[in-house]
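Student: Numbering (the working numbering), first residue to last: 99 to 427. One structure, pasted below without further comment.
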């Protein structure tokens, strides 16, 4: 038998109604808002309804704090209370405290080799140097033969970020509270769809995540923050940054809602670091295998995943003894 944490009332003071069990007695399935602070994973193929579900969660969770969305395709503008069209107007503030933080950020975003990261570390003497990194690379005189090719390859990668204009600015963490505004009860959407390259979208996404963390670490924002990360397989992939981020921010009152069409494209540790898992329809055998392994699904439940309807999902949550099939509301 499967149990819900709550009774059959449709009202709950401290949580979100996900749906009801698909078979009688149609038990309502609620998830506490505190459980979302231990992160949520939503997976499903294109058109399965995963973004609609993420929209609903972002809207409902803003009752308990601020909701923030990293919007890959410009789909959340109609539900956002405050929209930041990245790449249009003012650059987005990216907080960087130390030059090595800038190196690590670009190493993650651009998948730099060890020699490329080493050369970049030589060039970036202060955080603001990131804004003029192309000039620094161009004017650098190689000191060894290996640096000649490394300089050229580093320039090619960095150019992917900056050739479309200035969309970000480096700031000290102490400045973030004046430049990035969150408030309880508000859904803030960072629309990334205007950015032309995957690398630029990743840089801004990781920059916003850093900004949220800085605000919470310094006690500038007291309430919880729930962050929807769309296209997580593009933002996170096999990222060490995100593995560490997911583990660290739980104690700060930051919950991520990780949304992806390709769970096989995520690191296994990222999936395991999510407390709630909502599985919509998947078609790829690799994706079904990856999420089934992460949730320890039995063969009977796993066989349902490629047959799920638009309003159906397999859900794992602390309020449940085991993963179950539910009808979403």
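Positions of the beta carbon are idealized from the N, C-alpha and C atoms, including for glycine.
1. Among all the DSSP beta bridges, which residues are the ones paired with residue 287?
2. Quick check on residue 293: does DSSP put it in helix, strand or coil?
3. Can you give me the C-alpha to C-alpha distance between residue 191 and residue 215, rounded to a whole angstrom?
4. Just the Cα atoms here: how many angstroms apart are residue 273 and residue 308?
5. Which residues mark the beginning and the end of the alpha helix (DSSP H) in which residue 254 is found?
6. From residue 312 to residue 397, what does the alpha carbon distance come to, in whole angstroms?
7. Pair every Cβ in the region 176-195 with every Cβ in the region 395-415, then say whether three or more of these pairs are closer than 8 Å.
8. In three-state terms, what does DSSP make of residue 238?
9. I need the boundaries of the alpha helix (DSSP H) containing residue 40, first residue and last residue.
10. Smallest Cα separation from residue 197: which of 205, 209, 219, 181?
11. Answer yes or no: do residue 401 and residue 385 have a C-beta to C-beta separation smaller than 8 Å?
12. Given residue 424, which residues of its chain have a CB within under 7 Å of its CB, disregarding the five upstream and five downstream residues?
13. Determine the direct distance from the alpha carbon of residue 166 to that of residue 393, and round the result to whole angstroms.
Tutor: In brief:
1. On the chain shown, residue 287 is found 189 positions in, with the first residue counted as 1. Beta-bridge pairing links residue 287 to 167, 181.
2. Numbered from its first residue, the chain shown carries residue 293 at position 195. In the three-state reduction of the DSSP assignment, residue 293 falls in the coil class.
3. The residue labelled residue 191 in the question sits at position 93 within the chain shown. The residue labelled residue 215 in the question sits at position 117 within the chain shown. As the crow flies, the alpha-carbon of residue 191 is around 23 Å from that of residue 215.
4. The sequence position of residue 273 within the chain shown is 175, counting from 1. The sequence position of residue 308 within the chain shown is 210, counting from 1. Residue 273 and residue 308: Cα-Cα distance of roughly 13 Å.
5. Residue 254 sits at position 156 when you count from the first residue of the chain shown. Looking at the DSSP string, the run of the alpha helix (DSSP H) that includes residue 254 is 243-260.
6. Here residue 312 refers to the residue found at position 214 when the chain shown is read from its first residue. Here residue 397 refers to the residue found at position 299 when the chain shown is read from its first residue. About 43 Å.
7. The region 395-415 and the region 176-195 do not touch, with fewer than three beta-carbon pairs separated by less than 8 Å.
8. Indexing the chain shown from 1 puts residue 238 at position 140. Reduced to three states, the DSSP call for residue 238 is coil.
9. This structure cannot speak to residue 40, because the chain is shown only from 99 to 427.
10. For this step, residue 197 is matched to residue 99 along the chain shown. Minimum Cα distance to residue 197 is reached at 219.
11. On the chain shown, position 303 is the one that residue 401 refers to. On the chain shown, position 287 is the one that residue 385 refers to. No, these two residues do not count as a Cβ contact at 8 Å.
12. Taking the chain shown and counting its residues from 1, one reaches residue 424 at position 326. Same-chain partners within the cutoff: 116, 117, 118, 119, 120, 127, 411, 413.
13. As a first step, residue 393 must be located in the chain shown, where it is residue number 295. As a first step, residue 166 must be located in the chain shown, where it is residue number 68. Going from the Cα of residue 393 to the Cα of residue 166 covers about 26 Å.
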